[in-house]
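Structure first, then comments.
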Amino acid sequence: MASEILTPPLLLMQIIERSRVFNGHYKVNQLIVQDGDHQLKREQFAPGKAVAALVYDTARQVYVLTRQFRIGPEAEILEIAAGMIDGDEAPETAVRREIHEELGYEIDKLEEIVCIWPSPGTSSEEITVYYAEVSHRPGAGGGLAEEHEHIEMVELSWEALIAEPLRDAKTFIAVQWVRLRR
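Mapping to the working numbering: the sequence shown position 161 is 318, numbers consecutive.
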């Protein structure tokens with residue numbers, strides 16, 4: 158049997174118009190997409206770019222996560238520290254800021270795991286996921302009062318972390334990344 162070389166199909170869809178239809182805390186765009194002879198209207202959730210990190214305290218040998226209320230599932234969720242990138246801020250700067258605000262730690266070592274689109278069918282959001290090692294906690298953590306954050310810090314051993322029923326995709330990815338390296 159001869160091997161067959163597969164070439165990817167040509168993308169026929171093209172965005173021909175984009176407009177902002179909602180500009181609140183979150184943003185929503187309306188796209189007009191040309192698909193051959195057809196034009197389609199599609200809404201795109203456009204929250205911006207974000208960062209997230211699985212934090213490991215090397216001195217205490219625990220993983221430090223957050224638990225907070227999230228609008229999407231309408232519940233408190235156990236997840237890795239995360240937040241939005243501000244303006245032209247570099248992702249590395251944003252993740253350092255978020256870890257300090259949410260958990261109170263300064264980062265000793267930072268490694269990028271992956272940059273993902275968590276829901277590309279409806280959202281333009283990109284999240285850069287990191288692994289961070291820490292050993293010094295000069296801040297209190299818990300989030301920013303002016304942002305109405307009520308963040309509980311959750312410390313877990315490796316055994317407790319992998320026993321958790323994780324439902325947050327970025328957290329699941331980061332934990333699986335560590336699992337593959339242990």
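C-beta atoms are modelled at their ideal positions from N, C-alpha and C, and glycine is treated no differently. Note that the structure is predicted; figures quoted are calculated from it, not measured.
Identified DSSP bridge partners for residue i
i	result
His293	Glu263
Ala210	Ala238, Tyr287
Ile308	Bridge partners of Ile308: none, in fact.
Arg227	Ala232
Asp192	Met170, His195
Val185	Phe179, Phe202
Val219	Asp214
Lys273	The amino acid occupying residue 273 in the given sequence is Ile; Lys does not appear at that position. For Ile273, which the question treats as bridged, DSSP gives the partners Ile284.
Local conformation of residue i per DSSP, three classes
i	result
Glu247	Inspection of the sequence shows that residue 247 is occupied by Ala rather than by Glu. In the structure shown, Ala247 sits in coil (DSSP, three-state: anything other than H, G, I, E or B).
Ala232	strand
Glu268	strand
Ile256	helix
Glu303	helix
Integer Cβ distance of residue i from residue j, believed to fall under 8 Å
i	j	result
Leu222	Val311	5 Å
Ile270	Ile330	7 Å
Ser280	Pro204	7 Å
Ala216	Tyr287	That pair is no contact at about 19 Å.
Chain B contact for residue i (CB, 7 Å cutoff)
i	result
Pro295	Reference to chain B is not applicable here, since this structure consists of a single protein chain.
Boundaries (first-last residue) of the alpha helix (DSSP H) holding residue i
i	result
Arg177	Here Arg177 belongs to no alpha helix (DSSP H); instead the beta strand (DSSP E) covers 170 to 180.
Thr328	326 to 338
Trp315	315 to 320
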